[in-house]
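2 protein chains.
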Amino acid sequence: MTDALPAECLDQLFRTARTHNELGGEVDDDTLRRLYDLLKWGPTSANQCPARFVFVKSQAAKDKLGPALDEGNYAKTMAAPVTVIVAYDLDFHEKLPVLFPHADARSWFAGDLEKRKVQAFRNGSLQGAYLLLAARALGLDTGPMSGFDNAKVDEAFFKGTRIKSNFLVNLGRGDKSKLFPRSPRLSFDEVARIE
Amino acid sequence: MTDALPAECLDQLFRTARTHNELGGEVDDDTLRRLYDLLKWGPTSANQCPARFVFVKSQAAKDKLGPALDEGNYAKTMAAPVTVIVAYDLDFHEKLPVLFPHADARSWFAGDLEKRKVQAFRNGSLQGAYLLLAARALGLDTGPMSGFDNAKVDEAFFKGTRIKSNFLVNLGRGDKSKLFPRSPRLSFDEVARIE
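So the protein sequences, as listed, match chains A and B. Residue numbers are given in UniProt numbering: position 43 of the first sequence equals residue 43, and the series is strictly consecutive. Residue numbers are given in UniProt numbering: position 3 of the second sequence equals residue 3, and the series is strictly consecutive.
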């Protein structure tokens with residue numbers, strides 16, 4: 001039987017972790033690889049692993065991303081050490097012979113783009129959440145956003161593929177003194193029931 | 001500056017955690033409330049918090065769920081201490097006056113069901129992932145599944161609402177000796193790039 005993690009770990013992952021607008025510091029490439037080497041273990045249906053990631057760090061990459069951002073997300077994203085484009089590949093099934101070798105899982109999805117759209121969006125979003133919590137587990141602060149033009153990002157970063165952007169995540173070190181008060185959450189009884 | 005969590009915490013969350021088919025033990029209602037009180041803090045766009053949860057525990061609830069399950073998911077789900085129906089509410093915007101009090105966020109979504117479908121599916125899936133990792137953080141084992149008839153689950157559990165089922169999660173205590181070898185993951189360079 002496994003114990004619960006210590007209280008300070010639950011705080012770092014969930015209870016005191018916050019979404020940050022202003023992120024500074026440096027995030028080196030080794031940290032990005034460690035981040036992926038954690039999040040990759042999170043479960044997806046039939047081990048689809050549809051998520052794809054671009055880590056935007058250089059000025060050239062920021063210049064490609066900038067025009068796609070909503071005005072309110074522009075300055076903070078240009079200033080962040082890294083912005084992750086969390087995306088998903090609608091052709092994820094092509095890798096299932098490697099990822100799910102026990103059965104011909106590729107055939108479950110080949111020729112059914114509508115099914116793949118639902119599966120890739122669901123499981124790619126799960127993997128985006130694994131990235132957020134893996135980043136917090138590594139001591140990074142995060143700033144996820146969906147205020148941007150997906151079609152522009154896809155054109156700039158994924159042209160000629162079936163990879164589609166999902167959401168963005170700024171990564172770095174936040175400053176708790178600059179945070180606004182936390183927004184409320186719904187109570188258990190407002191969103192859940194035990195039957 | 002925040003440190004990375006200790007290695008054994010990273011193991012419990014990601015590196016040695018596994019999806020379990022056979023789950024036993026007991027999961028009391030207090031644990032389900034603690035689970036929600038962790039996962040609720042995970043970020044969603046504009047604090048939408050669209051996820052809704054039904055914790056299926058009783059025989060009567062299992063009897064409602066059973067006919068919707070794919071054959072391969074039936075026996076393990078009937079035997080699990082709890083099955084969570086992870087769902088999302090397409091009318092999540094009605095709660096934004098409480099959840100996002102700084103602006104009239106309700107008006108961003110009212111009258112645009114197609115936009116709400118994308119937002120609720122993305123952010124509700126993120127919250128499903130937060131549930132999976134919060135369960136592991138509490139020492140529970142998980143068995144997520146998407147092999148079921150969503151329309152049947154919606155009819156049985158969410159009739160008369162705009163709440164839609166997303167995926168299912170069995171919860172309990174697993175037995176590592178019964179696991180198959182772990183399926184592979186894609187390498188960093190196959191799914192990611194640093195620009």
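Just so you know, even glycine gets a beta-carbon here, dropped at the ideal spot from N, CA and C. Only a predicted model underlies this, so the values are computations on that prediction, with no experimental measurement involved.
DSSP links A:N150 through a beta bridge to no other residue.
Beta-bridge partners assigned by DSSP to B:T19: B:T142. The straight-line gap separating the alpha-carbon atoms of B:L65 and B:L171 is approximately 15 Å. A residue is called buried once 16 or more other Cβ atoms fall within 10 Å of its Cβ, and B:Q59, having fewer, is exposed. Under the 8 Å Cβ criterion, the stretch 43 to 52 of chain B counts as touching the stretch 114 to 131 of chain B, having at least three qualifying pairs.
Any Cβ of chain B closer than 9 Å to the Cβ of A:P184 would place that residue at the interface, and such an atom is present.
Bounds of any alpha helix (DSSP H) do not take in B:F92, whose DSSP letter is neither H nor E.
Taking the C-beta atoms as reference points, B:R173 is found nearer than 9 Å to B:D141. A contact is defined here as three or more CB-CB pairs under 8 Å, and the stretch 35 to 46 of chain A meets this definition with respect to the stretch 94 to 109 of chain A.
Taken through DSSP and simplified to helix, strand or coil, A:F157 comes out as helix. Assigned with DSSP and collapsed to three states, B:G24 falls in strand. In its chain, beyond the 5 residues on either side, R136 have a beta carbon closer than 6 Å to the beta carbon of B:A17.
In terms of Cβ geometry, B:A87 and B:I163 form a close pair [threshold 9 Å]. Secondary structure within the stretch 157 to 195 of chain B: the alpha helix (DSSP H) runs of 4 or more consecutive residues, fully enclosed, are 188 to 191 (chain order). For B:S107, the closest Cβ of chain A is not nearer than 9 Å. C-alpha of A:V84 to C-alpha of A:F167: approximately 8 Å in a straight line. B:T19 is a Cβ neighbour of B:G143, given a cutoff of 9 Å. Taken atom to atom, the span from the alpha-carbon of B:L35 to that of B:L131 is near 7 Å. Beta bridge pairing from DSSP links A:L69 with A:F148.
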